[in-house]
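Per numbering that gives the first Met the number 0, the sequence shown starts with residue 0, numbered consecutively.
Positions of the beta carbon are idealized from the N, C-alpha and C atoms, including for glycine.
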Amino acid sequence: MNPQDGITIRNELAGDTEVIAVIVAAAFGSEAESRLVSLLRARGEATISLVAQHHGSIVGHVMASPIRIDPTLAGSYLGVAPLSVQPEYQSQSIGSQLMEAVIAAARTRSVDALFLLGNPSYYSRFGFTASHLQNEYGATDSFMHLELQPDSLCDANGTARYVAAFSDANT
Numbered sequence: 000m001n002p003q004d005g006i007t008i009r010n011e012l013a014g015d016t017e018v019i020a021v022i023v024a025a026a027f028g029s030e031a032e033s034r035l036v037s038l039l040r041a042r043g044e045a046t047i048s049l050v051a052q053h054h055g056s057i058v059g060h061v062m063a064s065p066i067r068i069d070p071t072l073a074g075s076y077l078g079v080a081p082l083s084v085q086p087e088y089q090s091q092s093i094g095s096q097l098m099e100a101v102i103a104a105a106r107t108r109s110v111d112a113l114f115l116l117g118n119p120s121y122y123s124r125f126g127f128t129a130s131h132l133q134n135e136y137g138a139t140d141s142f143m144h145l146e147l148q149p150d151s152l153c154d155a156n157g158t159a160r161y162v163a164a165f166s167d168a169n170t
């Protein structure tokens, strides 16, 4: 498949939830991330939720939800998680297209910065760098940010905290 052929990115619709759950579970090999997506949606914390379609069938999904920085740092921050592509469609640029789309959607919402926990060699291609901020998971190089508003984090100190659904999904 030429990954550019027949791929469209759009906002999640109400009728997409079941297929998204299947794709997320298949991509991660567990139900934890699928539970996370459901909790974020149910709690109204899915700020951005996009799907990738190949000829009308959903083959990928990405979600972004609020992040707060303690001590309180004024601004708008989102955590990108999870990014999921159906296994047979992986390594065909669909994940990259979803990342570019979630970054663009965050820019249109005037988000100051995006955060994520992920593979630095993959996410650096989108401009993410290791964050100087702490995080509640104790991650170092894999905790990354992308400033969408220049210098929005340059003087920031503290700990970035994901919404409670991240810990609740694992219980």
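### Task
For Arg9, I'd like the list of residues in its chain whose CB is within less than 8 Å of its CB, leaving aside the five on either flank, ordered along the chain.
The residue given as residue 9 occupies position 10 in the sequence shown. In the same chain as Arg9, and ignoring 5 residues on each side of it, the C-beta atoms closer than 8 Å to its own belong to Leu49, Val50, Gln52, in chain order.
### Task
Would you mind listing the alpha helix (DSSP H) stretches within the segment 8-69 that are 4+ residues and don't spill past its ends, in chain order?
Counting only runs that start and end inside the segment 8-69, the alpha helix (DSSP H) elements of at least 4 residues fall at 16-27, 31-41.
### Query
Taking the DSSP output, what are the residues bridged to His144?
Position 145 of the sequence shown, counted from the start, is the residue given in the question as residue 144. The partner list for His144 (beta bridge, DSSP) reads Phe114, Thr128.
### Message
Can you tell me where the beta strand (DSSP E) holding Gly78 begins and where it ends?
### Response
One-based indexing of the sequence shown puts residue 78 at position 79. Note, Gly78: beta strand (DSSP E), 76-84.
### Task
Would you list the one or two residues that DSSP bridges to Tyr161?
Taking the sequence shown and counting its residues from 1, the one referred to as residue 161 is at position 162. Under DSSP, Tyr161 forms a beta bridge with Ile66.
### Task
Assign Gln96 to one of three DSSP states: helix, strand, or coil.
Numbered from its first residue, the sequence shown carries residue 96 at position 97. Helix.
### Task
Would you grab the beta carbon distance between Pro65 and Leu35 for me? Rounded to a whole angstrom, and I think it's under 8 Å.
Reading the sequence shown from its first residue, position 66 is the one you call residue 65. Reading the sequence shown from its first residue, position 36 is the one you call residue 35. In fact, because the Cβ distance is near 14 Å, the residues do not count as touching under 8 Å.
### Message
Spatial neighbours of Pro119 within its chain, please: C-beta separation below 8 Å, excluding the five flanking residues on both sides.
### Response
As a working mapping, residue 119 is identified with position 120 in the sequence shown. Counting only Cβ-Cβ distances below 8 Å, and skipping sequence neighbours, we find Phe127, Ala129, Asp140, Ser141, Met143.
### Message
Per the DSSP calculation, Asn134 is bridged to which residue(s)?
### Response
Your numbering for residue 134 matches position 135 in the sequence shown. Answer is Ala159.
### Query
Straight-line CA distance for Ala155 to Leu132?
The residue you call residue 155 lines up with position 156 of the sequence shown. The residue you call residue 132 lines up with position 133 of the sequence shown. Their backbone Cα atoms lie some 7 Å apart in a straight line.
### Query
Can the beta-carbon of Leu116 be found less than 8 Å from the beta-carbon of Ala138?
Position 117 of the sequence shown, counted from the start, is the residue given in the question as residue 116. Position 139 of the sequence shown, counted from the start, is the residue given in the question as residue 138. Closer than 8 Å, so yes.
### Task
Starting from the Cα of Gly78, find the closest Cα among Phe114, Ala103, Ala163 and give me that residue.
Position 79 of the sequence shown, counted from the start, is the residue given in the question as residue 78. For the residues Phe114, Ala103, Ala163, the minimum Cα distance to Gly78 belongs to Phe114.
### Task
Round the Cβ separation of Ala112 and Glu146 to the nearest angstrom and send it over; I've been treating them as touching at under 8 Å.
Stepping through the sequence shown from its first residue, residue 112 is reached at position 113. Stepping through the sequence shown from its first residue, residue 146 is reached at position 147. Between Ala112 and Glu146 a beta carbon distance of about 5 Å is seen, short of the 8 Å cut, so the two are scored as contacting.
#### Entry: Burial state of Leu172, where buried means 16 or more other Cβ atoms lie within 10 Å
Not covered by the structure: residue 172. The range shown for the chain is 0 to 170.
### Task
Please go through the same chain and pick out, in chain order, the residues whose beta-carbon is closer than 6 Å to the beta-carbon of Ala159, but skip the five residues on each side of it.
For the purposes of this step, residue 159 is taken as residue 160 along the sequence shown, with counting starting at 1. The residues are Ile66, Ile68, Phe114, Leu132, Asn134.
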